[in-house]
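Have a look at the structure below before the remarks.
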Amino acid sequence: MHVPPIPHLTAEDPQLATLIEAEASRQHDKLRMIASENYVSEAVLEASSTVLTNKYSEGYAGKRYYEGQQLIDPIETLAIDRAKSLFGVDHANVQPYSGSPANLAVYLAFLQPGETVMGMALPMGGHLTHGWSVSATGKWFNSVRYAVNRETGRIDLDEVRDLALAERPKVIFCGGTAVPRTIDFPGFAAIAREVGAVLVADIAHIAGLIAGGAHPSPVGHADVITTTTHKTLRGPRGAMIMTTAEHATAIDKAVFPGLQGGPHNHTTAAIAVALREAATADFRAYAHQVVANAAALATALTEHGFALSSGGTDNHLILADLTSKGIAGKPAAQALDRAGIELNYNTVPYDTRKPFDPSGIRLGTAALTTRGLTEQHMPQVAAWMDETVTAALKDDEATIDRIAGEVRDLLAAFPMPGYRAA
Ligand code: DSN
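Numbering (UniProt numbering), first residue to last: 1 to 422.
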């Protein structure tokens, strides 16, 4: 059953309650490996579903446009102070609704329409909002994109520098959604300084690793840091923007009134809870275990003949090109889901297939590490994945069903925050 329990919902809206209970059970039974997902704590779940959702509070603490902020102000200030302390930044804005609005606020703060932004191309591992063509950021701004090196699968900073010198962007984004390697923040900062650009580190995927000391921090290198709060950071769905003191006012004005209305106060409270959790020794151990698990899984997948983009991983994320396995990413991801292994199909750098039917899969270890799995389980996970893609090629649904049962049996020994067997 869902934890915290949902008895009122069950009584008032059984149709919806049944769906939510089923989703809790599904999350319990699946090996959740979507690299951007996790399990939040029950404390975070509780904070997310409080009466704070009833309150409007446009503005910032001490300067709101509605009355009744006696308790909202200290809640938002608590979240801000915890973000500043955890990441060691001058300023934090905890109001962005999610990662894309956070990145849009950066454009509003630093660019006029038509001016130049530079980011990693989406098919290379960047994010839509780093200037990709179908995004408003690619339509309304002159966006130029860097790639990864075709041979190494890694960012080549000499190529980034050449592009920056040629295009003179006002804003440079580093970070992305399918980047399995350590981001060289000092290297990007040197390029940004040379061309007079604002450097934005989008750490959405790796925020928890940074907080836990398992990835270098962009603080002291990037002018602005954007992040979602729900990936490795293990908080509610939301976002933050952290800045040096110099850029604090521009970012705050861009978030409100520039882009958003009232902040979601229940989310702000849940972010505060997650940030407190992320400052603990347990969370540091978690962050390091996420990376150790990904490394062990990468090794095991390679032994099973999976071709990993860049040859492996430094963080929580693995990108695999399935061409050598004779299957495309989408049918593989669908078969893996039926086998109880949840991940997403994904383009790989220089993919010859289309984004909706690409060559690769993307996976991560943030959620399974929250469940308590360690390096010793990763060879089994890789073996299941290999067996599943082989079975998918032969339409061998019996094997896929058998693996789904084995996954469920393994996970039964690892409690899930938010769920207890009835
Ligand atoms: N949707 C997120 C991810 O999966 O990485 C990025 O926005």
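Note that beta-carbon positions come from the ideal geometry of N, C-alpha and C, so glycine has one too.
Residue i CB to nearest heavy atom of the ligand DSN below 8 Å
i, result
"residue 205", "yes"
"residue 344", "yes"
"residue 177", "yes"
"residue 114", "no"
"residue 320", "no"
"residue 325", "no"
"residue 330", "no"
"residue 128", "yes"
"residue 84", "no"
"residue 105", "no"
"residue 20", "no"
"residue 155", "no"
"residue 34", "yes"
"residue 135", "no"
"residue 208", "no"
"residue 309", "no"
"residue 138", "no"
"residue 347", "no"
"residue 228", "yes"
"residue 99", "yes"
"residue 231", "yes"
Three-state class that DSSP yields for residue i in the structure shown
i, result
"residue 158", "helix"
"residue 25", "helix"
"residue 64", "strand"
"residue 124", "helix"
"residue 372", "coil"
"residue 220", "coil"
"residue 423", "The question about residue 423 has no answer, for the chain in this structure spans 1 to 422."
"residue 252", "helix"
"residue 55", "coil"
"residue 409", "helix"
"residue 354", "strand"
"residue 119", "strand"
"residue 341", "strand"
"residue 168", "coil"
"residue 163", "helix"
"residue 228", "strand"
"residue 247", "helix"
"residue 234", "coil"
"residue 348", "coil"
"residue 144", "strand"
Residue span of the alpha helix (DSSP H) that contains residue i, given as start and end
i, result
"residue 265", "265-278"
"residue 131", "Here residue 131 belongs to no alpha helix (DSSP H), and DSSP marks it neither H nor E."
"residue 8", "7-12"
"residue 103", "99-110"
"residue 178", "Counting along the chain, residue 178 falls outside any alpha helix (DSSP H), and DSSP gives it neither H nor E."
"residue 43", "42-48"
"residue 380", "378-393"
"residue 74", "72-87"
"residue 420", "First-last for residue 420: undefined, no H or E at that position."
"residue 210", "207-211"
"residue 195", "185-195"
Minimum Cβ-Cβ distance from residue i to chain D less than 9 Å
i, result
"residue 49", "Within the model displayed, chain D is absent; a lone protein chain is all it includes."
Limits of the unbroken beta strand (DSSP E) element including residue i
i, result
"residue 446", "It is not possible to answer for residue 446, since the shown part of the chain is limited to 1 through 422."
"residue 243", "239-243"
"residue 198", "198-202"
"residue 361", "360-364"
"residue 92", "91-93"
Fill in: Start-end ranges of the beta strand (DSSP E) lying completely within the stretch 284-338, minimum 3 residues
317-321
Does the stretch 189-197 come close enough to the stretch 329-340 to have 3 or more Cβ pairs within less than 8 Å? no
- [ ] Count the C-beta pairs between the stretch 132-146 and the stretch 78-85 that are closer than 8 Å, then say yes if the count reaches three, no if not.
- [x] no
Review point. Quick check: the stretch 203-210 against the stretch 145-155, are there 3 or more CB pairs under 8 Å?
Key: no
Between the stretch 356-370 and the stretch 311-320, are three or more C-beta pairs nearer than 8 Å? yes
Three or more C-beta pairs under 8 Å: does that hold for the stretch 346-357 against the stretch 393-402?
no
- Is it true that the stretch 266-276 meets the stretch 44-52, where meeting means three or more beta-carbon pairs spaced less than 8 Å apart? yes
Taking three-plus beta-carbon pairs below 8 Å as touching, is the stretch 94-110 in contact with the stretch 229-238?
yes
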